Amino acid sequence: MRDAQPAAVYLKDYASPDYLINRTELHFELHEDHALVTSRLYMLRCDPGRELPLVLNGVALELVSVTIDGQALEDSEFQVEPETLVIPKAPDQFVLSCVTRILPQDNTSLEGLYKSQRMFCTQCEAHGFRKITYYLDRPDVMSVFTVSVEADQARYPVLLSNGNLVDSKVLEDGRHSTTWHDPFPKPAYLFALVAGDLKYLQDSFTTCSGREVDLRIYVEEKDLGKCDHAMLSLQNSMRWDEEVYGREYDLDVFNIVAVDDFNMGAMENKSLNIFNSSCVLCSPETTTDKGYQRVEAIVAHEYFHNWSGNRVTCRDWFQLSLKEGFTVFRDAGFSADMGSPVVKRVEDVANLRTVQFAEDAGPMAHPVRPESVIEFNNFYTATIYEKGAEVVRMIHTLLGAELFRRGSDLYFERHDGQAVTCEDFVLAMEAASGIDLQQFRLWYSQAGTPLLRVRDEYDADAGCYTLTVQQSCPPTPGQDSKLPMVIPLAMGLLGEAGNLPLRLVGETPDPETGDNTHRVLSVNQAEQRFVFEGVGERPVPSLLRGLSAPVRLDYNYSKQDLCALMSRDDDGFVRWDSAQTLATRVMNEVEQQLLNRSKDKELEVDPILARAYASLLEDDSLDAAMVADMLTLPGENYLAELAARDGGANVDTIHAARVAVHADISKACTDSLLQRYHALANASPYAATGAQIADRSLRNTCLDYLAAAGGEYVELASRQFTDADNMTDRLAALRAIVFYGDDGQRDEALASFYQDWQHEVLVVNQWLQLQAMMPGSDALDRVRGLLKHPDFDMRNPNKVRALVGVFSAHNPVNFHRPDGQGYRFLADQLTLLNDINPQITAKMLTPLTRWRNYSGRDQLMRAELERLAALPSLSRDAFEVITKSLQ
Ligand code: BES
Ligand code: ZN
Numbered sequence: 016m017r018d019a020q021p022a023a024v025y026l027k028d029y030a031s032p033d034y035l036i037n038r039t040e041l042h043f044e045l046h047e048d049h050a051l052v053t054s055r056l057y058m059l060r061c062d063p064g065r066e067l068p069l070v071l072n073g074v075a076l077e078l079v080s081v082t083i084d085g086q087a088l089e090d091s092e093f094q095v096e097p098e099t100l101v102i103p104k105a106p107d108q109f110v111l112s113c114v115t116r117i118l119p120q121d122n123t124s125l126e127g128l129y130k131s132q133r134m135f136c137t138q139c140e141a142h143g144f145r146k147i148t149y150y151l152d153r154p155d156v157m158s159v160f161t162v163s164v165e166a167d168q169a170r171y172p173v174l175l176s177n178g179n180l181v182d183s184k185v186l187e188d189g190r191h192s193t194t195w196h197d198p199f200p201k202p203a204y205l206f207a208l209v210a211g212d213l214k215y216l217q218d219s220f221t222t223c224s225g226r227e228v229d230l231r232i233y234v235e236e237k238d239l240g241k242c243d244h245a246m247l248s249l250q251n252s253m254r255w256d257e258e259v260y261g262r263e264y265d266l267d268v269f270n271i272v273a274v275d276d277f278n279m280g281a282m283e284n285k286s287l288n289i290f291n292s293s294c295v296l297c298s299p300e301t302t303t304d305k306g307y308q309r310v311e312a313i314v315a316h317e318y319f320h321n322w323s324g325n326r327v328t329c330r331d332w333f334q335l336s337l338k339e340g341f342t343v344f345r346d347a348g349f350s351a352d353m354g355s356p357v358v359k360r361v362e363d364v365a366n367l368r369t370v371q372f373a374e375d376a377g378p379m380a381h382p383v384r385p386e387s388v389i390e391f392n393n394f395y396t397a398t399i400y401e402k403g404a405e406v407v408r409m410i411h412t413l414l415g416a417e418l419f420r421r422g423s424d425l426y427f428e429r430h431d432g433q434a435v436t437c438e439d440f441v442l443a444m445e446a447a448s449g450i451d452l453q454q455f456r457l458w459y460s461q462a463g464t465p466l467l468r469v470r471d472e473y474d475a476d477a478g479c480y481t482l483t484v485q486q487s488c489p490p491t492p493g494q495d496s497k498l499p500m501v502i503p504l505a506m507g508l509l510g511e512a513g514n515l516p517l518r519l520v521g522e523t524p525d526p527e528t529g530d531n532t533h534r535v536l537s538v539n540q541a542e543q544r545f546v547f548e549g550v551g552e553r554p555v556p557s558l559l560r561g562l563s564a565p566v567r568l569d570y571n572y573s574k575q576d577l578c579a580l581m582s583r584d585d586d587g588f589v590r591w592d593s594a595q596t597l598a599t600r601v602m603n604e605v606e607q608q609l610l611n612r613s614k615d616k617e618l619e620v621d622p623i624l625a626r627a628y629a630s631l632l633e634d635d636s637l638d639a640a641m642v643a644d645m646l647t648l649p650g651e652n653y654l655a656e657l658a659a660r661d662g663g664a665n666v667d668t669i670h671a672a673r674v675a676v677h678a679d680i681s682k683a684c685t686d687s688l689l690q691r692y693h694a695l696a697n698a699s700p701y702a703a704t705g706a707q708i709a710d711r712s713l714r715n716t717c718l719d720y721l722a723a724a725g726g727e728y729v730e731l732a733s734r735q736f737t738d739a740d741n742m743t744d745r746l747a748a749l750r751a752i753v754f755y756g757d758d759g760q761r762d763e764a765l766a767s768f769y770q771d772w773q774h775e776v777l778v779v780n781q782w783l784q785l786q787a788m789m790p791g792s793d794a795l796d797r798v799r800g801l802l803k804h805p806d807f808d809m810r811n812p813n814k815v816r817a818l819v820g821v822f823s824a825h826n827p828v829n830f831h832r833p834d835g836q837g838y839r840f841l842a843d844q845l846t847l848l849n850d851i852n853p854q855i856t857a858k859m860l861t862p863l864t865r866w867r868n869y870s871g872r873d874q875l876m877r878a879e880l881e882r883l884a885a886l887p888s889l890s891r892d893a894f895e896v897i898t899k900s901l902q
């Protein structure tokens, strides 16, 4: 175990900075074996006259020199600590200049300045800037940056930083330099630098006020043909933010750079976004439909940060959700408008329930605005992002679109150029709308997923229908008891002939309201009753439409109720959700049989599900993408999550039950699956349009069911595999062969796929992913073997995620092997990764932290965590995750 235990930082200890940095001038000299960074910081003490030591952040830096107003400091005038430079006495106002030597070529953490292949690049959020030079590396210190970069011209013809290019020079010895100036004050985490041999795709955008913006996407020459979709997405985002939020772009240039080695998806550095190449590059041959949609969403997300994040930034990292939650909400609105809102919502909710609800129920649970943190890198979580976006979405629901927009305008107007808090956001929303959000604020401070328990009663004689709603929220680390929250409950009532008009007792009907079959109830007490009158029949309640709040719902639906909602409710989300609940119910019944049965008894699968699925398949007036989502059985991780709540998940029965139900549907619906499969074949060339994506999605869902029957249906997949003209269809076919074909078919298809695509890194990653998810008892051996494959590289996060990450998180049966070898495998890899990339190591620990959910295997999982905890060089990132999950 490490000697000094990393300490927590607390939100309550926030203090404003002692010094400001008005201007920041940086000069970079880039070499193959080191880089020299010279800073000139125009410092100002906030409270003049009050002598305070200047404490600058700096990590892994070699300090070459330090001067104040041109005067070198004596050794006695400063102290270099492992993570700080302390200057006990400094004037009120001065220029501090430091020269630091750093080693980008050895920086495998991918934070600070590092090399990705032949390119230099930076990643500074959250605390990467301190690995470049000594600085006040906190988001509430905002400064105007001027940056010059000097490097070898032949190797690095392109030298970029934030803002406008103001100078470029040819120097001696084949070197050259450029100088960049960003007029907008920004925190250091938004600083960026890129140097490399890059080509660019160029286009432009004219803003609403007539400003012409030069748009460029920089990539390696071989990838120039894969930038069109990202460019179009950028232009669409720029227009959308003007139209929907009134936000105009504020500089004459906007650059995106693609790099292969990147810890996250992308980063919103001012006017110089840096992207993981997997989140920019697209071509029909190499990118799936999901990939296209991801690129569109992430380009939008980073672009939207220009206002929600950069122009208005966070005061401190406890406020991270201020920019991330809001921006995820904004990019979800964009994606909804670019495609189908219901389909987008369904995907987001599926992800929220599997990932965020699990996090909120586990040892790392934290509020949307955390109160204490050991390592901020660990707080780029589903709770900050996805639950944070849900919180903004609820504000939108409570205020309505118009008042929400007024609130957002006021927020940007009040706080432009400032570093602010979640509270400031809520205050702007309140001020603009006149709506009191006092109790609503609990969403920022209370962790855990609330449970809504709904019971109903129908009085036929009185025509009265009563909903009784109770809310509760389970304890989470550090929070034993919770207060009732404000939960917007969107709902309707379904009758025989459709949704019924809604009238609460005592309410006078408003003749103005067009649609009175939908409303949002405000739940804000531990228990409440809502009585509807004029209800002529016993309805089926359609509850939590659109998932109007990030809560779980407990209502005793009968299977018939679910079928009714699934086929007839007005709300598309509820139709999908009811299908999920019905499928879960049917799978749970099979799990019970598996646990209790005598070996030779046939499993019984309630035919109600196949019947419901068949009628979806046979109705081609329905949106194909929705039908595909409705036919997709809830995943094993989600089922395990639900089971954990009722006393422990058994991965093997969950898997077996899901396979049995899947097979049952395949058999019962063969004709309609086959009919749709053939009818949906596309004759026109590939395009990532909504209509085509929807058709491919349903067609490949049909293929997945059909191929499960083996034999001739695997042939169907083989044919598709050979004939496909795009990666979506090819990969879906390959998956079907790998999952349902025999060993020979599987190995042959995998080998030929690799043969065809080995030159495309991003495709090879998809090939790794598929093998990591593969069922069958030889999966772990195969994954172990792939670690030695020439295309695997432990220093590349995309590859580590594709193989080790996907195996641990998306191959539950093999990860949870009874012999514990899956856990051992992960811990072995994380032991190596810990010395390379702490941020990715900590992220990939997640599956082990869920040990409490797996009775019978929990001790094996714990043992691996304890083995990791004892590593002498354990990073702060991993330390936090491991100690919290063992507590
Ligand atoms: N600011 C983040 C990127 C980031 C996060 C950098 C943590 C360093 C540490 C960026 O805006 C972001 O949120 N990216 C997401 C994608 C987005 C679509 C949710 C990502 O990279 O996954
Ligand atoms: Zn973001």
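To get our numbering, take the position in the sequence shown, counting from 1, and add 15. Here a beta-carbon is modelled for each residue, glycine too, at the ideal position from N, C-alpha and C. Keep in mind it's a predicted model, so treat the numbers as computed, not measured.
Give a single yes or no on whether H677 has its beta carbon closer than 7 Å to a heavy atom of the ligand BES. Incorrect: H677 has no Cβ contact closer than 7 Å to the ligand BES.
In its own chain, which residues sit with a C-beta less than 7 Å from the C-beta of Y838, not counting the 5 before and 5 after it? Closer than 7 Å at the Cβ level, and outside the excluded window around Y838, lie L863, L875, M876 and E879.
Let's see if you can read the secondary structure: which residues bound the alpha helix (DSSP H) around L609? For L609, the uninterrupted alpha helix (DSSP H) run begins and ends at G587 to N611, by DSSP.
May I ask whether a heavy atom of the ligand ZN can be found less than 7 Å away from the beta carbon of E401? Annotation for E401 indicates a beta carbon at 7 Å or more from all heavy atoms of the ligand ZN.
When Y570, P202, P503 and L688 are compared against V642, the one with the closest alpha-carbon: Comparing Cα positions, the closest option is L688.
L175 to K285 span [Cα, whole Å]: About 12 Å.
Can you give me the C-alpha to C-alpha distance between Q786 and S767, rounded to a whole angstrom? Straight-line Cα distance between these residues: approximately 14 Å.
At what residues does the beta strand (DSSP E) containing T194 begin and finish? That run of the beta strand (DSSP E) goes R190 to K201.
Look at the Cβ atom of S112, then the Cβ atom of T82, and state whether they are nearer than 8 Å. In this structure, T82 lies closer than 8 Å to S112 by Cβ.
Distance, L718 Cα to N741 Cα: The alpha-carbon atoms of N741 and L718 are separated by roughly 16 Å.
What does L208 pair with, by DSSP beta-bridge criteria? In DSSP, L208 forms a bridge with S176.
Does DSSP put D346 in a helix, in a strand, or in coil? Three-state DSSP puts D346 in a helix.
Put Q486 into one of helix, strand or coil per three-state DSSP. Three-state DSSP puts Q486 in a strand.
In whole angstroms, what is the alpha-carbon distance linking P97 and S870? Between P97 and S870, the C-alpha separation is close to 43 Å.
Please give the ranges of any alpha helix (DSSP H) in the stretch 833-893, keeping only runs that are unbroken, at least 4 residues long and fully inside the region. 836-849, 853-859, 861-864 and 873-884, all fully within the stretch 833-893.
Tell me whether P21 sits in a helix, a strand or coil according to DSSP, three-state version. Note: P21 maps to coil in three-state DSSP.
Pairwise C-alpha distance: G587 and D197: Distance between the alpha carbons of D197 and G587: 46 Å.
Does G348 pass the burial test, meaning 16 or more other C-beta atoms within 10 Å, or should it be called exposed? That one is buried.
For the ligand ZN, any of its heavy atoms closer than 7 Å to the Cβ of E339? The ligand ZN approaches E339 closely enough that one of its heavy atoms is under 7 Å from the residue's Cβ.
Taking the straight line between their C-alpha atoms, what separation do you get for F394 and T342? When only Cα atoms are considered, F394 and T342 end up about 16 Å apart.
To which residues of the same chain is P32 closer than 8 Å at the C-beta, ignoring the five residues directly before and after it? Cβ contact annotation for P32 (same chain, cutoff 8 Å, sequence separation greater than five): C61, L151, R153, D155 and V156, in chain order.
Do the CB positions of A703 and D256 come within less than 8 Å of each other? Remark: C-beta atoms of A703 and D256 do not approach each other more closely than 8 Å.
Helix, strand or coil at P516 [DSSP, three-state]: The three-state secondary structure of P516, taken from DSSP, is coil.
Just grab the DSSP bridge partners of K214 for me. According to DSSP, which records beta bridges pairwise, K214 is partnered with V234.
Does the count of Cβ pairs from the stretch 272-280 and the stretch 800-817 closer than 8 Å reach three? Result yes; three or more Cβ-Cβ pairs closer than 8 Å.
Based on DSSP bridge pairs, tell me the residues matched to S336. DSSP output for S336 lists no bridge partner at all.
With 16 as the cutoff for other CB atoms within 10 Å, does L845 come out buried or exposed? With 16 or more other Cβ atoms from the protein chains shown falling within 10 Å of its own Cβ, L845 counts as buried.
Taking DSSP's pairing of strands, which residues face S219 in a bridge? S219 pairs with D229.
Between the C-alpha atoms of Y769 and S792, what's the straight-line distance to the nearest angstrom? Separation of Y769 and S792 (C-alpha to C-alpha, rounded to the nearest whole angstrom) is 22 Å.
Would you say T909 touches the ligand ZN, meaning its beta carbon is less than 7 Å from a heavy atom? With the chain covering 16 to 902 only, the question about residue 909 has no answer from this structure.
DSSP three-state assignment for T898, whether helix, strand or coil: For T898, the secondary structure class from DSSP, reduced to helix, strand or coil, is helix.
At which residues does the beta strand (DSSP E) containing V308 begin and terminate? In the sequence under discussion, the amino acid at residue 308 is Gln, which differs from the Val named in the question. Boundaries for Q308: no beta strand (DSSP E) harbours it, while the alpha helix (DSSP H) harbouring it runs D304 to F319, taken from the DSSP string.
Express the C-alpha separation of T369 and L100 in angstroms, rounding to a whole number. Between L100 and T369, the C-alpha separation is close to 44 Å.
Classification of R133 by the beta-carbon crowding that lies within 10 angstroms, buried from 16 upward: Around the beta carbon of R133, fewer than 16 other beta carbons sit within 10 angstroms, so the residue counts as exposed.
For my contact list, V173 and A245 are in at a C-beta cut-off of 8 Å; report their separation, rounded to the angstrom. Rounded to the nearest angstrom, the Cβ distance from V173 to A245 is 18 Å, too far for a contact under 8 Å.
Quick one: what does DSSP say Y473 is sitting in, helix, strand or coil? Three-state result, Y473: strand.
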